[in-house]
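Residue numbers (this note's numbering), protein chains in the order written: chain A, 1 to 105; chain B, 1001 to 1192. Cβ atoms here follow ideal geometry from the backbone N, Cα and C, with glycine treated the same way. To start, the structure itself, in structure tokens.
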């Protein structure tokens, strides 16, 4: 049975595995008998590999400068710890004081 | 993994050495993601520093039962990169495409540098990625560079899995179109 050629959406759905099994089976059947769509699919698969490989190569070769280091952010972390300690001191101090107040009366 | 959990626990208890080790373990990965999203190193470093600082400051908000640490950190990195795009009003039209069009109008015969650049396919892919809208670029980077599942991409981008799948597909179609045009242009230049 001759069916219509696969659309770009079909082809990308197929290679990125976002189609449901039913649709995939229909496409498999079409691909068996349609050389034009097989060529289109191969071309899209090659593009997918090209994008993945080249993008990974570019990004994995990119490195931050030495100025991007832990020392540059450490003061902000110290401030947070200091604030947290002050808050904790208050939480601990309040019940202790009220407890003493009750005892004295 | 055990090591990562231990570092998180130690930092939660206030051990700054553990914070430094967490930072160093994720420094390059966070930078790479931000670089892919923003396209230049200076912005990427700012976004990565903001993301790592935020993650360390809010380590108590991280719930290991809900997501992996890297997924949580990627979510913060995407968010900080979006902030930088908004703050700096980086134009959404494609500068590379505009420059390419301008060059071809001015001089139809390419010089040696242009030809050399054209021969580097990774530059063509990189340029094509930069031509995508931020939304599609995020999906493409997470899928191709991060090799993440659609579920993870959806979690990071704050969308449904169907939307994540659709963005990855649309990004591919747009990238393929740009790269096809580049190939045609290159063939035309070679036959001239």
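Please name the residues in the region 1016-1031 of chain B whose beta-carbon is closer than 8 Å to at least one beta-carbon of chain A, in chain order.
Interface annotation for the region 1016-1031 of chain B against chain A: 1016, 1019, 1020, 1023, 1024, 1027, 1028, 1031, criterion Cβ-Cβ distance under 8 Å.
Which residues of chain D have a Cβ atom closer than 9 Å to the Cβ of residue 28/A, listed in chain order?
No chain D is part of this structure, whose protein chains are labelled A and B.
Straight-line CA distance for residue 1086/B to residue 30/A?
Rounded to whole angstroms, residue 1086/B to residue 30/A spans 46 Å at the Cα level.
For residue 13/A, which residues in chain B fall below 7 Å Cβ to Cβ?
Residues of chain B with a Cβ closer than 7 Å to the Cβ of residue 13/A are, in chain order, 1169.
Proximity winner among 1124/B, 1151/B, 1044/B, relative to residue 1185/B (alpha-carbon distances)
Nearest of 1124/B, 1151/B, 1044/B to residue 1185/B, Cα basis: 1124/B.
Could you have a look at residue 17/A and say whether DSSP puts it in helix, strand or coil?
DSSP places residue 17/A in coil when its eight states are reduced to three.
What did DSSP end up calling residue 1062/B once you bin it into helix, strand or coil?
Shown here, residue 1062/B sits in coil according to DSSP, grouped into three states, outside any helix or strand.
Could you confirm whether any beta carbon from chain A is found closer than 8 Å to the beta carbon of residue 1182/B?
It does not; no Cβ of chain A falls within 8 Å.
Is the beta carbon of residue 11/A closer than 8 Å to that of residue 40/A?
Against a cut-off of 8 Å, the Cβ pair of residue 11/A and residue 40/A comes out as a contact.
In chain A, what lies closer than 9 Å to residue 1179/B by C-beta?
Near residue 1179/B (Cβ distances below 9 Å), the residues of chain A are 47, 50, 51.
Taking Cβ-Cβ distances shorter than 9 Å, what residues in chain A pair up with residue 1036/B?
Those within 9 Å of residue 1036/B in chain A are 55, 58, 59, 62.
Could you give the distance in angstroms between the alpha-carbon of residue 50/A and the alpha-carbon of residue 1179/B?
Between residue 50/A and residue 1179/B, the alpha-carbon positions lie close to 10 Å from each other.
Where residue 1078/B falls, given that 16 or more other Cβ within 10 Å makes a residue buried
When all chains shown are included, residue 1078/B counts as buried.
From what residue to what residue does the alpha helix (DSSP H) around residue 1067/B run?
Careful: residue 1067/B lies outside any alpha helix (DSSP H) and carries neither H nor E.
Under the three-state reduction of DSSP, which class applies to residue 1166/B: helix, strand or coil?
Residue 1166/B sits in a helix when the DSSP states are folded into three classes.
Taking the C-alpha atoms as reference points, what is the distance between residue 1043/B and residue 32/A?
The straight-line gap from Cα to Cα measures roughly 48 Å.
Per-residue contacts from residue 1125/B into chain A (C-beta, under 7 Å):
Here the neighbours are 50, 51, 54, 55.
Local Cβ density within 10 Å of residue 68/A, reported as buried at 16 or more and exposed below that:
Residue 68/A counts as buried, since no fewer than 16 other beta carbons sit within 10 angstroms of its beta carbon.
Residue 62/A versus residue 75/A: straight-line alpha-carbon distance, rounded
In a straight line, the C-alpha of residue 62/A is about 27 Å away from that of residue 75/A.
Whole angstroms are fine: how far does the CA of residue 1030/B sit from the CA of residue 1046/B?
Roughly 11 Å separates the two Cα atoms.
Where residue 1176/B and residue 25/A are concerned, what is the direct C-alpha to C-alpha distance, given to the nearest angstrom?
Each residue's Cα considered, the two are about 25 Å apart.
Under 6 Å Cβ to Cβ from residue 1105/B, same chain only, skipping five residues before and after it: list those, please.
Residue placement at residue 1105/B cannot be trusted, given a pLDDT of 45 that sits under 50; the coordinates are not used to answer.
Under 9 Å between beta-carbons, which chain B residues line up against residue 42/A? List them in chain order, please.
Within 9 Å of the CB of residue 42/A, no CB atom of chain B is found; the nearest one sits about 13 Å away.
Along the region 62-79 of chain A, what residues have a CB closer than 7 Å to any CB found in chain B?
Answer in chain order: 62, 63, 64, 65, 68, 70, 72, 73, 76, 77.
Mind checking residue 1151/B: buried by the 16 CB within 10 Å criterion, or exposed?
By the neighbour-count rule (16 or more Cβ atoms within 10 Å), residue 1151/B is not buried but exposed.
Which residue from 1073/B, 1165/B, 1082/B puts its Cα closest to that of residue 9/A?
Among 1073/B, 1165/B, 1082/B, the Cα nearest to that of residue 9/A belongs to 1165/B.
C-beta atoms of residue 73/A and residue 1052/B nearer than 8 Å:
Yes. Within cutoff.
Work out the CA separation of residue 1174/B and residue 1155/B for me, nearest whole Å.
The alpha-carbon atoms of residue 1155/B and residue 1174/B are separated by roughly 23 Å.
Residue 1138/B classed as buried or exposed, judged by whether at least 16 other C-beta atoms fall within 10 angstroms
Counting every other CB atom within 10 Å of its CB across the protein chains shown gives residue 1138/B a total of 16 or more, marking it as buried.
Can you give the Cα-Cα distance for residue 1163/B and residue 1170/B, rounded to whole angstroms?
When rounded, the distance between both Cα atoms is 10 Å.
Within the same chain, show all residues whose beta-carbon is closer than 6 Å to that of residue 1062/B, passing over the 5 residues directly before and after it, in chain order.
When the five nearest sequence neighbours on each side are left out, the beta carbons in the same chain lying within less than 6 Å of the beta carbon of residue 1062/B are those of 1072, in order along the chain.
On the three-state DSSP scale, how would you describe residue 4/A?
In the structure shown, residue 4/A sits in coil (DSSP, three-state: anything other than H, G, I, E or B).
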